[in-house]
Structures are given as structure tokens and as C-alpha cells.
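Colleague: Mind having a look at this structure? Questions to follow.
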Amino acid sequence: MATTHSIPAAPGITGADASKAAQSTLSTALVLFLAAGAGLSVAALYYSQPMLGVLGADIGASASAVGWVPTLTQLGYALGILLLAPLGDRYDRRRIILAKAAALILALLCAALAPSIGSLLAASLVIGLSATLAQDIVPSAAHLAPDSQRGKVVGTVMTGLLLGIVLSRVVSGFVAAHFGWRAVFFGAAGSIALVGLESWRSLPSFQPAIRHSYTGLLNSLIQLWRSHSALRRAALSQGLLSIGFSAFWSTLAVMLYAAPFHLGSEIAGAFGLAGAAGALAAPLAGRIADRQGPERVTRLGALLVALSFSAMFLLPLLSPHAQLWLLAASAIGFDLGVQATLIAHQTIIYGLDSNARSRLNAILFVGMFIGMATGSALGSMLQAHWGWTAVSALATSTAFGALATRLWPARHE
């Protein structure tokens, strides 16, 4: 029998008081599960990237056609965040997580069995939509965390999410090389089944914070956007950073597959280990945000991203072996910067309105994944026509744009 706990809002108790009542249910084991669940869920968005070359050859699709697989997945994620993530403020997040887990399992199985590129693209869109269960898990952690430790708890859960992003490439590259790309999607479906089962057993129920209709819920997103300049700056800055991040990871496998490297999906996926080093620093970013303020973290993070991408302009001057080392070092740097900035942005927006955390998180991540989808599309186009230097130019310019956004004088934030 499932072991669950209800988090009711007593009559007249809402917002911060309800959050304090919920905090007693938070445990280390639950935080670790939330981190693992977020990571396994968001990993579904990235499994395809290192194996695009193998996948396209096997399914008989062109490089431009398979490039739409990560693009549609990320667009689906942005659309799902916009249309589905706000439901976490209106309905019990536990039930939403269970429903999305079921949908994601079916979508991953459809991808594994896809007979053509068309069916795979359709499955990719649904994978993106349903993988937004990760964006129900993160606000759940923020809701359960004490105010004084919210940055730390969110940082821990985000470590799991970010490790899911970077390690998904390592896993998919290895599995695709040894067992085929379809095995990757079958394995992913199994992992989400475990997340769903443990969510059913362990997650508490959450009392809805608001009673809006669905239309009113979506309209409230516009009001939140208009009301909080801090939210607008966070979404714009994170979106700009995501363009370069996605452009790099969406084109890396194609670049390594071509001359002078001629490397397969396993090596392309192994670059995720470099990004994992950055993900492990997420709790540190959360602690710094708690102690010294998140604004400083956003600026340092954006600067680190810009410098890491700038270093890649040196690639044409180096030997192939040295180029691989520089790519790995740059990946560590920009992953650390992107992830630290994201933690700080979440710390900022979660403090704006305790009854709107799902919707605030939705707006931030819509901006982020619009940037991701834009980066995938632009990166693939630039790589095909002008090579890796053009990809580096895109990533560097957008990173400096994010830094300028954070340095711009704030007005009544």
C-alpha cells in the first residue's frame, strides 16, 4: 500500500504558513529522490543528441531531418512548460507527476519502436511535453524546503536535474554504440516507470494554492510577467545562455563524426562527463545565493559562460588532440556557469510569490527552452554552412548578451 502524506492548507492558512506546515514532511531521502526523479525525467530530452549520426543512418534520414529530433523535443518541452507546468499551482502536484510519468513512458516506447523519421519526430514532441514532470518536481522541493534552506534544497534537486542533462549524453552514447539507439529509449522508459512507482509510494499530496480556471491560470502568467521585472530579466538572461549551451551540444556529435576526428556516438556522449563536473557545483551555487545573494551568482555565472565559449575560437590553431582537450575544458566551464546561473535565477523567482512558484518556474523555463530550441536550430544551420567557428560566435555573443542583461541596472526588483 502506498505510503503518502497529505499537505493540507488549514482554513485561512495559505502561502508561507502552508509552506511551513509542509516542511515537516521533507527528509534527506525525499530530497534525494526528487533529485533523481528530476534528473531521469529531464534526461529524456537529451538522449538523442549523441546518437543522431547513428540514428539517421539506421532509419534512413538525412542530417537535416534528424536535426529536428532535438529541436522538436525542446520545443515540446517549452510548450509543455507553458501549458502544463502552471497546473501545479492549481492541482495536486503528486497527481500531475504520476500522469506525466505515464505519458512519458508511452512516448519513449513509441520512439523506441518508431519505423520512420516522421513517427520519431512525433514521439519526440510528446517526449518534450511530458518530460515537464521535472518542472513539477522542482517547485515541490521549493515548497517543502524551509525558507532559510531553499537555495540549498533547490540546488540539490537541480544537481540531479543537471546531472540528468549531462550524463544522459554519456549513457545514450555508450548504449547506442553497443546495443543500438532503440535500446536507449527502451531503457529510458524503464527508468521513468521507476520514477512513477516511487512517486506514487513516497510523494506527499499538495494542497492547491489557487482556485483559478485553466484560462485564468494561463492569463495569470501574463500578469506575473508584467508584475515582476526580476522574472523578466531572469527569463531573458537564462534564455540567452541556453542558446549557446544547446548549439554546442546539438552540433558536437556531428562535428566529432566528421574529419579530422571521425569519432562515434560513444565519444560524443563521453563529453557529458565534462559537463557533469559543472553540475556537481549546483549546491555550492545555491549556498552562495543563500549567503551572498543570487545576483552576484548570476553575473559570475554568465561571465564564466562567455569566457568558456570565447576560448573555442582558438580551436583552428590547435592540433586535433589539443582541440579535444580544449572542448572538454570549455564544456566544464560553460556548464558550470549555466547551471550556477540557473540556480540563482530560481532562487530569485521563488522568492517573488510563494503561491505562484509553479507558474514563475514555468515562465523561467519557457524562456530557457525557447533558447534551447533556438540554439539547436541555429547551431545546426551554422555548423552545416560555416563550420564550428560560427557556432562558437553564436554561443559567445549570446553569453555576453546574458551578462549585459544581468549588469543592466535593475528597476524596483
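For our numbering, add 188 to where a residue sits in the sequence shown, where the first one is 1. Where is the CB? At the ideal position from N, CA and C, for every residue including glycine.
1) Below 8 Å, can you find three or more Cβ-Cβ pairs linking the segment 213-231 to the segment 546-565?
2) Since G384 and A289 should fall inside the 8 Å C-beta cutoff, what is the C-beta to C-beta distance between them, to a whole number of angstroms?
3) Where does G367 land, buried or exposed, given buried means 16+ other C-beta within 10 angstroms?
4) By DSSP, does F449 sit in helix, in strand, or in coil?
5) Going by Cα to Cα distance, which pick from S498, I551, S360 and G339 is closest to E483?
6) Find the nearest neighbour of F553 within the set F449, A581, S430 and L566, judged by alpha-carbon distance.
7) Quick one: residues in its chain with C-beta nearer than 7 Å to the C-beta of A422, no 5 flanking neighbours on either side, listed in chain order?
8) Given a threshold of 16 other Cβ atoms within 10 Å of its Cβ, counted over all protein chains shown, does P597 qualify as buried or as exposed?
9) Whose C-beta lies closer than 6 Å to the C-beta of S229 among residues of the same chain, with five residues either side of it excluded?
10) Look at I305 and G264 and say whether their C-beta atoms are less than 9 Å apart.
11) If I measure Cβ to Cβ from A210 and keep anything under 8 Å in the same chain, skipping five residues before and after, which residues do I get?
12) Any idea if W576 is buried or exposed, counting beta-carbon neighbours within 10 angstroms, 16 or more meaning buried?
13) Could you give the first and the last residue of the continuous alpha helix (DSSP H) run that contains I398?
14) Looking only at its chain, what residues have a beta carbon closer than 7 Å to the beta carbon of T439, apart from the 5 residues adjacent to it on each side?
15) Just to confirm before moving on: does the CB-CB distance between S434 and T529 stay below 9 Å?
16) Please report the distance separating the alpha-carbon of V326 from that of A226.
17) Helix, strand or coil: how does DSSP classify Y279 here?
18) Enumerate in chain order the residues of its own chain whose CB-to-CB distance from M443 is below 7 Å, with the five nearest sequence positions on each side excluded.
19) Could you check whether P504 and L406 sit closer than 9 Å to each other, using their CB atoms as the reference points?
20) Which whole-angstrom value is the C-beta distance of V493 and A364, which I expect to be below 8 Å?
21) Rounded to the nearest angstrom, what separates M239 and R420 at their Cα positions?
22) Once you ignore the five residues that flank P448 on each side, which residues in its own chain have a CB closer than 8 Å to its CB?
23) Look at the Cβ atom of A519, then the Cβ atom of F459, and state whether they are nearer than 9 Å.
24) Determine the extent of the alpha helix (DSSP H) in which T486 is found, giving its start and end residues.
25) Figure out for me which residue from L270, G276, L540 and G555 has the closest Cα to the Cα of R399.
26) Any idea if S564 is buried or exposed, counting beta-carbon neighbours within 10 angstroms, 16 or more meaning buried?
27) For A376 versus Y235, is the C-beta spacing smaller than 9 Å?
28) Alpha carbon to alpha carbon, how far is I269 from A516?
29) When the distance is taken between beta carbons, is F373 closer than 9 Å to A300?
30) Could you spell out the range, first to last residue, of the alpha helix (DSSP H) harbouring F374?
Modeller: Inspection of the coordinates gives the following:
1) The segment 213-231 is not in contact with the segment 546-565.
2) Distance from G384 to A289 at the Cβ level is roughly 4 Å; contact confirmed, criterion being Cβ atoms closer than 8 Å.
3) Correcting the residue type first, residue 367 is Phe in the shown sequence and not Gly. The residue in question, F367, is exposed, as its Cβ has fewer than 16 Cβ neighbours within 10 Å.
4) Three-state DSSP puts F449 in coil, outside helix and strand.
5) That would be G339, whose Cα lies nearest to the Cα of E483.
6) Ranked by Cα distance from F553, the first of F449, A581, S430 and L566 is S430.
7) Closer than 7 Å at Cβ, skipping near neighbours: H533, I536, I537 and L552.
8) It is exposed - the Cβ of P597 has fewer than 16 other Cβ atoms within 10 Å.
9) Excluding sequence neighbours, S229 sits near A319, L321 and A322.
10) No, the Cβ-Cβ distance between I305 and G264 is not below 9 Å.
11) Confidence in A210 is poor, its pLDDT being 44 and thus under 50, which makes the residue's placement too unreliable to answer from.
12) W576 is buried by the Cβ-count criterion.
13) Premise fails: I398 is in no alpha helix (DSSP H) and is neither H nor E.
14) Cβ within range, chain order: G567, S568, Q571 and V579.
15) No; because the gap between Cβ atoms is not below 9 Å, this pair is not in contact.
16) Near 7 Å, if we compare the C-alpha coordinates of A226 and V326.
17) Judged by DSSP in its simplified three-state form, Y279 adopts coil rather than helix or strand.
18) Listed in chain order, the non-local C-beta contacts of M443 below 7 Å within the same chain comprise Q571 and W576, local neighbours out to five positions each way being set aside.
19) No, the Cβ-Cβ distance between L406 and P504 is not below 9 Å.
20) Rounded to whole angstroms, the Cβ separation of V493 and A364 is 28 Å, and the two are not in contact under 8 Å.
21) Taking the straight line joining both Cα atoms gives about 35 Å.
22) The answer, listed in chain order, is P508.
23) Using a Cβ distance threshold of 9 Å, A519 and F459 count as a contacting pair.
24) T486 -> alpha helix (DSSP H) spans P482 to S498.
25) Of the candidates L270, G276, L540 and G555, the one whose C-alpha sits nearest the C-alpha of R399 is G276.
26) Buried, by the Cβ-count rule.
27) Contact: yes.
28) Cα to Cα, the separation comes out at about 31 Å.
29) Their beta carbons are under 9 Å apart, which means A300 touches F373 by this criterion.
30) W369 to S390 is the extent of the alpha helix (DSSP H) around F374.
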